[in-house]
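Everything below concerns the one structure shown next.
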Amino acid sequence: MMPKREKVQLTYLYFIPKPHKAGTPLRPIVLSMSMPTTGISKFLDKLIRPIFDKHARSITIIDGVDLIHRLEAYTTNGHLIPKTYLYLYTMLPQEESLDILIEFLVQHDYQKVQNIPIDIIRKLALIVIKENVFVHENKFYRQVIGSAMGSAFTLTLANIFMWKWENNLFTDWEYPIKYTAGI
């Protein structure tokens, strides 16, 4: 997990247009492929994603074909609620996301994952989401909200965050909302 100095690069902020939106707004992207936290992010993703997949499979859309089948079922039953999440990765509340990660693990009876205590997992996740520094217009910045797009663990953390949100929203609903980040 230790970054190799010769492979680590200072990340930078850039913007890509969203032509499908009115006024063509820009999406901010922090390139995260070679940042110092990449190894920790990949490690956490390999550690936590299988747990999320195991416990959330029934409420997770896997691919486009699965999406179409579920949409057909939901529209037939009248249980479809369209939702748009703007900038989910880059807007995740950092501390709340870490708390929800631990809540998810505890709720599914994990005090350790592969002999790693969940307090250590939280500390590693804290490094991944809080130690994002980047350059924009020759100035250094630290990302204080959300996590870097493209960071391996960001997708899993966003899915766990949405798991909590959906559980709170649809606790008594007969058909839970189906969601996965990245579709």
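Numbering follows this note's numbering, in which position 130 of the sequence shown is assigned residue number 1391; successive positions increment by one, without gaps.
All C-beta atoms, glycine included, are put in the ideal place defined by N, C-alpha and C.
Assigned secondary structure, Ile1444 (DSSP; H/G/I helix, E/B strand, else coil): Any reading at Ile1444 must be qualified, since the residue scores a pLDDT of 45, below 50, and its modelled position is unreliable; the value itself is stated next. Three-state result, Ile1444: coil.
Limits of the alpha helix (DSSP H) - the one that Leu1362 falls within: Gln1355 to Gln1368
Terminal residues of the beta strand (DSSP E) in which Pro1278 lies: Thr1272 to Pro1278
Close beta carbons around Ala1409, own chain, < 6 Å, minus the five adjacent residues each side: Val1291, Ser1293 and Asn1393
Cβ-Cβ separation, Pro1278 to Thr1272 (assumed contact under 8 Å), whole Å: The Cβ separation is near 20 Å, so there is no contact.
Proximal residues to Trp1424 (C-beta, below 7 Å), its chain only, five neighbours per side dropped: Ala1317 and Phe1365
Residues near Arg1403 by beta carbon distance below 7 Å, same chain, minus five either side: Asn1393 and Val1394
Beta-carbon proximity list for Val1389, same chain, < 6 Å, skipping 5 on both sides: Thr1298, Ile1301, Ser1302 and Phe1414
Presumed contact (8 Å Cβ cut-off) between Gln1372 and Ile1379, rounded CB distance: 6 Å
Test item: CB-CB of Arg1288 and Phe1304 under 8 Å: no
Residue(s) in a DSSP beta bridge with Glu1374: Here the sequence assigns Val to residue 1374, which means Glu is not the residue at that position. Its beta-bridge partners are Ile1377.
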